[in-house]
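Heads up: the sequence shown runs through residues -15 to -1, 1 to 714, numbered per mature numbering (1 follows the signal peptide of the UniProt record, and there is no 0).
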Amino acid sequence: MTKVLLLCLSTWVFSLEISLIPPTGVPPPNSVLGHMVYDTTNNQLIQFGGMQTGGSYLNDLASFNLSQKRWSLISPYVSTVPDERAAGALFYHQKSQKLLLYGGRTRAGPAGDFWSYDLNENSWEKLDKNGDDPGARGYIVLTTYTRNGSTSFAIFGGLSSTGVDNSLYILDGESLFWSKKPNSGNSPQPQESSGIAYYKDKLYVWGGLSRFSTIIHDTALYEYDLAKEEWKKIEINGKKPGGRFEHFLCFVEDYLYVYLGVDFETGLTIFDIWKINLISLDTWIEVNFKDPSSTATGSGSLTFVSSVLWSFAGYSDTGINNSIISLEFSLETPIINLISPEMTGPTARMFHSLQTIQTNLWVFGGIDNDKNYLNEMWKFDILASDWSIMNPTGDIPSVRAKHASCAIADTLTIFGGENSSGYLSDMYEYTVLSNTWKTVLYGSDIKPVGRAGACMAIADSTIYIFGGLVVGGYSNELWQFNTIDNTFTLLDDGLSERVPKLAYSKCFMRNIDSNYYFYITTGEGEDEYPNSKIHRYDISGQEWLPVLDKGYGYFSLAQAAVVNIDNYIIVIGGEQWNFKAFDTIYMVDLDVNPPNHTLIGHLEEAIYATEVTYFQNSIYLFGGGDTLSSLVQNFIAKRFLFKTSIEKTDDLSWSCSNGTYGDNCDLCPEGYYSDTFGAETCKACPKGTYNKFSAARTLVSAILVNMTVMQKMKGLIYVIAALPAIFVL
């Protein structure tokens, strides 16, 4: 959690808390056979690639800071990146602070390409292979070692396009020259997914999968003398670990450890650990270890630092996960510790929608890092801090991004957007109670043309839609949609130019003295000019009124996150000219003329094209565009969920959202609701109605039920028997 102490307008003193959900950040997707190294300079684990359920491959690059215990996405600054892959070889070159990637299994088969990633420049570079070319191969095993003052990297075996082999290649860490070592002596049979480790001028290989050999359960230990360039087979008498593949070998003091692996015959993960003393070579010893949370995983991404094994993702008892665990081998009884918990959730995306209904956040659509348009519906349970995908039924909307959205009661409404077919003008309603989408059939032929980047707000049963990108440029039209008869009315065609033509602006409604006003702020105009103005439209007077004009400057923002709380708007992040993004948090008091405009804090990094919602007294932000040193990285999205809260003081506080009450923003219980911000108490459901959800915001005829129960609320008996019931949501 980041706590920012602020002094605003010389009179407001308060504390702003900004925290990640979960605190460790969002890990890369669930996978197996990924690649992980330890970055000694920055004390972080770096994870690349892997294979997901169903056989799809990844090329995500992420870091896990071991000091902060936090995940971060690593975004390359250039578009040239390796293909998605698993089961390759990834090394960390400490001197140059570069990653070295070789081979692996891709969708097209084994790969033989060689790459470096510069952690300082944030860029991939494809390298030529000097020396003996290892060729295309996957399911490689690897180790890093320092010998005679020089760092080298070794790869062994693997599955190539011609089959399994038992070649040993050494990559010199200084010259990046590949050398194929002589295969003399009693060498291991051709195999893949074995284990390899370095100890005192020798490499040791144990286990592995030999698909085409008659000896598929080879449990002998093999030693390669780097000075003599010769293999030696070591047979150990007595009890020994069962044959396996996709395991891990490491050394602690004079002991070689075998960690987990996959059983040849069953294909299941073997959850055991063995060790052998390489001085005496007398017998294998099974190691007792503790796994209090049952978090051990097999076939994951592994790396070894001092005496600690770090493992990301892999197979667990419940399937493929994406947690991080550690295991301290130097302890008499090693203990597996959960460092970063498993987390499912939406992939990184931008130009999606985010709304709050009940105690849940709802994320729909957007565009991901592969430039795919999406139509998934995800739910984040705020109380349980858990994501789930909804798999709704009904009229599923086409994939889209840059759509407008709003929510009331149990219904989420989306309009327009864009996908590969162009701009859209359709509207859909999603009902959370039934997990169902429904096409909104318009009541007349009068409707807005297709558009993307419009904004939407709702008051009572009326939706207002402003601006957006249309064929021909930017729009400043204001449309009204009546949800009773599903008809559109054009309130302002924009020809008077009382308000600029804008896309990606944010809008909201305010009720002032029983009159509704429609506000717009931020956004992008023609030539990508960022908007610094705030305008409002008087619904009853049907005219635009300027509220604030800061001129071009630091408040000129497009694709910012904006939320309205009482008489304030909070403006978070944004970008200018599609070039520079911001980490700023501004607060604007709309009840002051001209409105006070105050910088109240900073995020840890710049963000744009994120989405925002408000619940209890906290702002939630999800996704958005990634940046590098505040520079916009086009079509590279974030996956993080942030929560921003303010600690109440006598000087300033944010009112609790509707659906809650009291100073602590407690949830309205079943049978009650609150339809205003800052409610002191919740309202009881009227006679003949019942609400079975907490945090209800309004009365809506949602579903029909038959009930033969009696509800006692507020001292009154409500009898509901075989009657339609109005649910409060």
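Backbone N, C-alpha and C define an ideal beta-carbon position, used for all residues, glycine too.
Close Cβ partners of residue 365 (< 6 Å) along its chain, the five nearest in sequence each way excluded: Along the sequence shown, one-based indexing puts residue 365 at 380. Hits under 6 Å: 346, 372.
Where do the N-terminal and C-terminal ends of the beta strand (DSSP E) with residue 531 fall, by residue? As a working mapping, residue 531 is identified with position 546 in the sequence shown. Where residue 531 is concerned, the enclosing beta strand (DSSP E) stretches over 528 to 534.
If distances are taken between C-alpha atoms only, which option among 46, 404, 325, 143 comes closest to residue 360? On the sequence shown, position 375 is the one that residue 360 refers to. Of the listed residues, the one whose Cα sits closest to residue 360 is 404.
Per the contact definition of three or more C-beta pairs closer than 8 Å, is the stretch 391 to 409 in contact with the stretch 335 to 349? yes
Tell me the rounded alpha-carbon separation between residue 427 and residue 449. What you label residue 427 is simply residue 442 of the sequence shown in a count that begins at 1. What you label residue 449 is simply residue 464 of the sequence shown in a count that begins at 1. Cα to Cα, residue 427 sits roughly 15 Å from residue 449.
Just to confirm before moving on: does the CB-CB distance between residue 601 and residue 642 stay below 8 Å? Counting from 1 along the sequence shown, the entry for residue 601 is found at position 616. Counting from 1 along the sequence shown, the entry for residue 642 is found at position 657. Yes.
Just to confirm the assignment, what range does the beta strand (DSSP E) spanning residue 78 have? If you number the sequence shown from 1, residue 78 lands on position 93. Where residue 78 is concerned, the enclosing beta strand (DSSP E) stretches over 74 to 78.
For residue 408, I'd like the list of residues in its chain whose CB is within less than 6 Å of its CB, leaving aside the five on either flank, ordered along the chain. To locate residue 408, count along the sequence shown from 1; it is residue 423. Once the five neighbours on either side are set aside, the close Cβ partners of residue 408 are 435, 436, 437.
In whole angstroms, what separates the C-alpha of residue 77 from that of residue 156? As a first step, residue 77 must be located in the sequence shown, where it is residue number 92. As a first step, residue 156 must be located in the sequence shown, where it is residue number 171. Cα to Cα, residue 77 sits roughly 12 Å from residue 156.
Under three-state DSSP, which class holds residue 186? As a first step, residue 186 must be located in the sequence shown, where it is residue number 201. Coil, per DSSP.
What's the gap between the Cα of residue 611 and the Cα of residue 351? On the sequence shown, position 626 is the one that residue 611 refers to. On the sequence shown, position 366 is the one that residue 351 refers to. Roughly 14 Å between the two C-alpha positions.
Residues near residue 48 by beta carbon distance below 6 Å, same chain, minus five either side: As a working mapping, residue 48 is identified with position 63 in the sequence shown. Closer than 6 Å at Cβ, skipping near neighbours: 29, 31, 57, 59.
What residue does the beta strand (DSSP E) around residue 318 start on, and which one ends it? Translated into positions along the sequence shown, residue 318 becomes position 333. That residue, residue 318, is in no beta strand (DSSP E); it is neither H nor E in DSSP.
Can residue 25 and residue 325 be called in contact, C-beta distance under 8 Å? The count along the sequence shown starts at 1 and reaches residue 25 at position 40. The count along the sequence shown starts at 1 and reaches residue 325 at position 340. In this structure, residue 325 does not lie closer than 8 Å to residue 25 by Cβ.
Take residue 669 as the anchor and find which of 526, 662, 677 has the nearest alpha-carbon. By 1-based counting over the sequence shown, the position of residue 669 is 684. With distances taken between Cα atoms, residue 669 lies closest to 677.
For the putative contact between residue 292 and residue 285, defined by C-beta atoms under 8 Å, what is the C-beta separation to the nearest angstrom? Reading the sequence shown from its first residue, position 307 is the one you call residue 292. Reading the sequence shown from its first residue, position 300 is the one you call residue 285. Contact flag wrong, Cβ pair sits at about 19 Å.
Quick test of your reading: residue 282 and residue 258, contact by CB under 8 Å. State the CB separation rounded to the nearest angstrom. The residue given as residue 282 occupies position 297 in the sequence shown. The residue given as residue 258 occupies position 273 in the sequence shown. Their Cβ separation, rounded to whole angstroms, is 13 Å, which puts residue 282 and residue 258 out of contact at 8 Å.
Could you name the residues of the same chain whose beta carbon sits closer than 6 Å to that of residue 581, not counting the 5 residues immediately before and after it, in chain order? Here residue 581 is taken as the residue at index 596 of the sequence shown, counted from 1. Excluding sequence neighbours, residue 581 sits near 574.
Measure the CB-CB distance between residue 515 and residue 543 and report whether it falls below 8 Å. Against the sequence shown, residue 515 aligns to sequence position 530. Against the sequence shown, residue 543 aligns to sequence position 558. Yes; because the gap between Cβ atoms is below 8 Å, this pair is in contact.
Coil, strand or helix - residue 512 by DSSP: Numbered from its first residue, the sequence shown carries residue 512 at position 527. The answer is helix: DSSP assigns residue 512 an H, G or I state.
Between the CA atoms of residue 382 and residue 687 - distance to the nearest angstrom: As a working mapping, residue 687 is identified with position 702 in the sequence shown. As a working mapping, residue 382 is identified with position 397 in the sequence shown. Unreliable positioning characterises residue 687 in this predicted model, as indicated by a pLDDT of 31, which lies under 50. The coordinate reading is nonetheless provided below. Distance between the alpha carbons of residue 687 and residue 382 is about 21 Å.
Does the Cβ of residue 541 have 16 or more other Cβ atoms within 10 Å, making it buried, or fewer, making it exposed? Position 556 of the sequence shown, counting from 1, holds the residue named residue 541. Buried, by the Cβ-count rule.
When the cut-off is 8 Å and only beta carbons count, does residue 89 lie next to chain C? The structure shown contains no chain C; it holds only a single protein chain.
Can you grab the Cα-Cα spacing for the pair residue 95 / residue 247, in whole Å? To locate residue 95, count along the sequence shown from 1; it is residue 110. To locate residue 247, count along the sequence shown from 1; it is residue 262. Taking the straight line joining both Cα atoms gives about 21 Å.
Based on the DSSP output, what are the partners of residue 21 in its beta bridges? Looking up residue 21 in the sequence shown gives position 36. Answer is 32.
Do you know whose CA, among 502, 508, 477, lies nearest residue 488's CA? One-based indexing of the sequence shown puts residue 488 at position 503. Minimum Cα distance to residue 488 is reached at 508.
Uninterrupted alpha helix (DSSP H) stretches inside the stretch 262 to 345 (no shorter than 4 residues): none
So what does DSSP say about residue 165, is it helix, strand or coil? What you label residue 165 is simply residue 180 of the sequence shown in a count that begins at 1. If DSSP states are grouped into helix, strand and coil, residue 165 belongs with the strands.
Which one or two residues does DSSP pair with residue 391 in a beta bridge? Along the sequence shown, read from residue 1 onward, the residue named residue 391 stands at position 406. DSSP output for residue 391 lists 398 as bridge partner(s).
Terminal residues of the beta strand (DSSP E) in which residue 492 lies: The residue labelled residue 492 in the question sits at position 507 within the sequence shown. Per DSSP, residue 492 belongs to the beta strand (DSSP E) from 491 to 497.
Residue 385, buried or exposed, once every other Cβ within 10 Å from all chains shown has been counted against 16: One-based indexing of the sequence shown puts residue 385 at position 400. Buried: at least 16 other Cβ atoms inside 10 Å.
Please classify residue 127 as buried or exposed, where buried requires at least 16 neighbouring CB atoms within 10 angstroms. Looking up residue 127 in the sequence shown gives position 142. Buried, by the Cβ-count rule.
Ends of the beta strand (DSSP E) at residue 55? Within the sequence shown, the letter at position 70 stands for residue 55. It spans 55 to 58 - the beta strand (DSSP E) in which residue 55 sits, taken as one unbroken run.
Are the Cβ atoms of residue 215 and residue 170 separated by less than 8 Å? Translated into the one-based positions of the sequence shown, residue 215 becomes position 230. Translated into the one-based positions of the sequence shown, residue 170 becomes position 185. Yes. Within cutoff.
Going by DSSP in three states, residue 440 sits in which element: helix, strand or coil? Taking the sequence shown and counting its residues from 1, the one referred to as residue 440 is at position 455. Residue 440 falls in the strand class under three-state DSSP.
Rounded to whole angstroms, what's the CA-CA distance from residue 571 to residue 416? Just pull it up for me. What you label residue 571 is simply residue 586 of the sequence shown in a count that begins at 1. What you label residue 416 is simply residue 431 of the sequence shown in a count that begins at 1. So the alpha carbons of these two residues sit roughly 34 Å apart.
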